[in-house]
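Residues 37 to 856 in the numbering used here are what the sequence shown spells out, letter by letter.
Even for Gly, the Cβ is constructed at its ideal location relative to N, Cα and C.
Because the structure is a prediction, the values reported are computed rather than measured.
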Amino acid sequence: MRIPVLYHALSVFALWASTSDAQQQQQPRIALKLNSAAHEKQQADPNFIANLIQKAEPQGFRFSAPRVSVNPLIAPQRSANISARVAGVERRNTGLQVPNFDAWYQIQVGSEGAQARSVDSPAANTTGTEEPRLALPKNILDLIHELHKLPEVESAHALHPGPPPAVNPNDDPRSVNQGYLDAAPKGINVRYAWGFPGGDGAGVNIVDMEQGWNLNHEDLAAAGITLISGHNAYWFSHGTSVLGEMFMVDNQLGGVGIVPAAKGRVVSQHRDDWSYSTPAAILDAVAHLSFGDILLLEAQEYDPVSGVYYWPVEVADANYEAIQVATALGITVVEAGCNGANDLDQYISLSGKRIFDRSSPDYRESGAIMVGGANSWVPHTRWYGSNYGSRMDVYAWAEGVDTAETDDVTGTENWYTSWFGGTSGASPIIVGAAAIIQGISNATLGVKMGPLELRSILATNGTASDNPAVDRIGVMPDLQAIIDSLFGSDGQTPDLYIRDHVGDSGDTTSGAVSASPDIIVRQQPLADPEAALGPGSGTENNPALSEAVQAGRDHSIYIRLLNRGNAAASSATTTVYWSEPATLVTPNLWHEIGTVSFPHSIPTDNTLTISGALPWPAASVPGTSGHYCFVALAGALHDPVPAVPTTSFPDFVKFIRENNNAAWRNFNVISAPPSLPSSNSSTPVPPPAFHNLPVTIPGAFDAPREFTIKAVGSLPPQGSQVRLRVPRALARSLGIKGAYGDGGEGEEAMVVVGLPPAAGTVVLGRGELPAGSLARCELQVRVPEGTYEVQGGVDFALMQEWEGVEVGRVTWRFGAAGGL
């Protein structure tokens with residue numbers, strides 16, 4: 037079998053000259069996002085954007101409206117379809133705010149004079165790789181910067197092709213050796229995974245987004261890979277090698293892909309109208325994928341700040357928003373970390389933010405798995421061209437990758453290479469690992485994992501690089517360690533969960549509803565917990581089984597678990613914590629009560645199983661009687677208690693969204709009116725008194741962050757009254773309107789704001805809260821006397837959101853005790 041080297045050391049430059057000249061004939065397009073007011077003006081006046089460009093024109097440019105072409109960045113029908121799908125996710129409480137893709141436009145600017153045709157500018161090559169160092173034309177970069185300064189513009193960046201993130205650094209052929217399939221620490225242990233049902237990727241859909249492929253290659257044709265949309269246009273060799281790593285058919289030819297039974301498709305950044313658009317390609321792929329499927333982004337991007345190439349695609353805002361939509365819909369996105377040799381933690385955006393630095397409050401979470409590259413030998417060191425930093429989740433081989441190959445000119449169908457690499461070579465290896473885990477989970481448990489849960493599994497079960505503190509590229513997944521931990525060596529595993537709310541089926545995208553019916557606090561131990569709280573008790577779906585906590589006395593806590601896995605959960609335990617009532621119960625507020633075990637294994641048929649009593653002695657009970665918030669973390673053999681992030685708030689938000697082993701109960705039952713002063717028959721009966729309910733509104737534990745506080749009311753509109761007392765400083769921070777003084781001076785003095793009792797969800801305020809802040813507030817609620825006789829009750833809640841995601845709430849329910 038012929039395995040040519042394909043003159044790669046020179047071809048990086050030669051192919052750039054041959055394939056990319058055709059891509060450079062026009063001035064680069066610009067992606068432009070308007071704010072809502074400016075978007076409305078563009079809809080009313082088609083010349084509005086053209087006039088903006090004239091206003092922003094850099095020195096030396098002269099633009100005229102007829103030379104400015106303005107079109108939607110995302111086709112209106114595609115935008116509407118995506119919005120409809122994400123709206124369904126919102127109804128399942130993930131809290132995602134749908135990006136307004138209608139406000140994004142693609143702009144083609146024709147300049148007068150000698151600069152009508154523009155080619156990429158060379159830039160200093162600081163990567164140490166043999167890739168050409170590319171940069172945007174200066175005139176376009178200057179225009180992007182000037183547009184970004186305008187108040188009407190939320191974002192601007194280039195839409196311009198460049199080479200995908202691959203490097204083939206030398207010409208020396210070597211023997212075919214798919215070492216990345218081998219056991220750790222050398223490879224990711226694919227051969228071990230193939231021994232499990234679904235370990236070949238069966239049942240998983242994968243889409244590769246880039247610029248071109250040879251789908252007729254002899255080791256790919258039988259895989260039946262099809263093009264979703266766009267033109268199969270350029271860089272065929274690159275795309276063929278990427279597909280080969282994943283899909284080479286298990287036959288007598290060439291090698292074998294990591295997941296040969298997965299279903300592969302491709303989508304091109306060169307759209308059907310020959311425009312170049314990464315976000316449009318991403319959203320077109322999303323339209324053809326479902327929860328648990330995988331999207332691979334084999335692309336690089338121009339930095340909107342410097343104009344230099346070789347940055348992860350999410351550096352551009354439109355790409356970031358498209359990726360965020362994909363992960364919100366449960367699609368795992370694997371993103372090449374790219375080949376610029378850049379420290380991503382040091383990157384500062386046009387808005388002055390460190391968007392890739394996980395330790396920064398500016399960090400923005402797309403949900404994608406970002407992949408770095410390492411050398412193939414053990415111990416693995418960072419490949420010299422790979423970007424690096426805290427944003428990198430995982431790494432894989434970035435050199436010596438054996439896979440399919442083709443010729444960019446003639447389309448040869450029987451070539452192979454042993455020298456594919458870069459983060460383009462690393463990323464398909466990670467896609468293969470992700471697809472294997474999804475395939476085994478689907479085959480053994482009947483469920484697939486959410487993207488954040490899957491990312492956490494891949495990033496915490498693997499081979500460290502030679503010097504993690506220096507390399508900063510994450511770990512290389514070890515499939516044997518992952519499979520044995522998650523599924524057991526026989527492929528059978530439990531999937532424990534504790535319900536967030538009545539009706540929760542254990543899915544990992546339900547959000548922080550904080551109304552678990554399975555955390556139960558009683559003032560006296562139960563003689564027969566199984567009869568009182570277990571199957572057949574009639575209390576299976578009752579969220580109001582807890583009693584108020586009383587200072588100075590012992591209490592007993594009971595936990596109920598279910599198991600939707602295919603193996604019984606043995607040695608199951610749950611650790612329980614208490615916190616004062618708060619809209620956001622972060623780990624710094626938790627106080628451990630203890631750990632409770634279960635009298636027998638948790639069966640596989642979703643049967644509710646009740647624990648023994650967890651004693652909560654009087655000495656450790658808070659000194660003030662009332663209702664408290666509780667957190668429970670459950671685990672068992674092969675389904676361990678999840679690790680709680682305590683240093684990064686974004687990681688903590690991911691934790692509460694993605695773990696069905698954790699549940700919150702910020703849910704309080706009020707079944708009797710507050711006591712009233714005695715009166716004689718001659719005194720008019722006073723109106724019902726207010727319940728005075730303490731509640732804390734915290735900031736994040738790691739950095740100042742912006743939060744939104746909402747009130748959710750369904751109280752009787754007649755006769756109900758709700759007020760919230762908050763510190764004046766909190767009212768200022770949140771921009772609360774209509775607050776009036778409650779006596780006292782200074783920022784710690786309390787002010788009062790009235791809230792609608794029955795208006796559904798309303799925004800109380802939005803603003804930045806200091807790190808570690810704890811604003812002590814009081815909710816005052818008055819309801820009609822008849823409310824306490826209502827079966828089922830009525831609710832009032834305070835909810836806290838961060839970046840559109842609900843991160844906690846406290847709910848008070850008013851009604852008859854027996855019917856709650």
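In the three-state reduction of the DSSP assignment, S463 falls in the helix class.
Annotation for Q360: the continuous alpha helix (DSSP H) segment containing it runs D353 to A364. Q757 has R818 as its beta-bridge partners, per DSSP. Under DSSP, S191 forms a beta bridge with K69.
A straight-line Cα-Cα distance of about 16 Å links A584 and A618. Distance from the Cα of A404 is smallest, within the candidate group V483, W451 and A495, for A495. Cβ-Cβ separation between T683 and D738: approximately 6 Å, consistent with a contact (criterion under 8 Å). Shown here for E616: same chain residues with a beta carbon closer than 8 Å to its own, the five before and five after excluded, namely L625, P658, Y664, C665, P730 and T732 in chain order. Assigned with DSSP and collapsed to three states, T823 falls in helix. Counting C-beta atoms within 10 angstroms of its own C-beta, V506 has fewer than 16 neighbours from the protein chains shown and is therefore classed as exposed. Counting along the chain, F832 sits inside the beta strand (DSSP E) bounded by residues V830 to W838. Of all alpha-carbon atoms in M786, V843 and I745, the one lying nearest the alpha-carbon of V799 is that of I745.
The alpha-carbon of E742 is positioned some 27 Å away from that of E76. With fewer than 16 neighbouring CB atoms inside 10 Å of its own CB, Y776 falls in the exposed class. Residue burial annotation: G574 is exposed, with fewer than 16 other C-beta atoms found within 10 angstroms of its C-beta.
Counting only the Cα atoms, P233 lies some 33 Å from A668.
Residue state for S313 is assigned as coil, using DSSP reduced to three classes. A Cβ-Cβ separation of about 7 Å places G749 in contact with V758 under the 8 Å criterion. Taking each of V349, V467, L644 and S412 in turn and checking the Cα distance to D218, the smallest one comes out for S412.
Annotation for S769: G803, E804 and L805 place their beta carbon closer than 7 Å to its own, counting only its chain and skipping 5 residues before and after. For Q474 against G293, the beta-carbon gap comes to about 15 Å, at or over 8 Å, which does not count as contact. Of the candidates A811, D536 and T823, the residue whose Cα lies closest to the Cα of P753 is T823. In this chain, K773 is not harboured by any beta strand (DSSP E), its DSSP state being neither H nor E. Residues of the same chain with a CB within less than 7 Å of the CB of N117, apart from the 5 flanking positions on each side, are A323 in chain order.
A distance of 8 Å or more separates the beta carbons of R693 and S552. Judged by DSSP secondary structure, P730 falls within the beta strand (DSSP E) whose first and last residues are H727 to P734. For V799, the pairing in a beta bridge is given by DSSP as K746. Contact between I330 and I359 fails: their C-beta atoms lie close to 13 Å from each other, not under 8 Å. Positions of the beta strand (DSSP E) runs, each at least 3 residues long and wholly inside the region 433-515, are given as 437-441, 451-456, 498-500 and 511-513 in order along the chain. A distance below 8 Å separates the beta carbons of E246 and E334. In this structure, DSSP gives I110 a state outside helix and strand, which the three-state scheme calls coil. Counting C-beta pairs closer than 8 Å gives fewer than three between the region 497-511 and the region 260-268, which falls short of the contact rule. Distance from the CA atom of V278 to the CA atom of I556, rounded to whole angstroms, is 52 Å. In this model, D255 and L289 are separated by some 6 Å (Cα to Cα).
DSSP places T660 in the coil class of the three-state scheme, outside both helix and strand. Under the three-state reduction of DSSP, I519 is assigned to helix.
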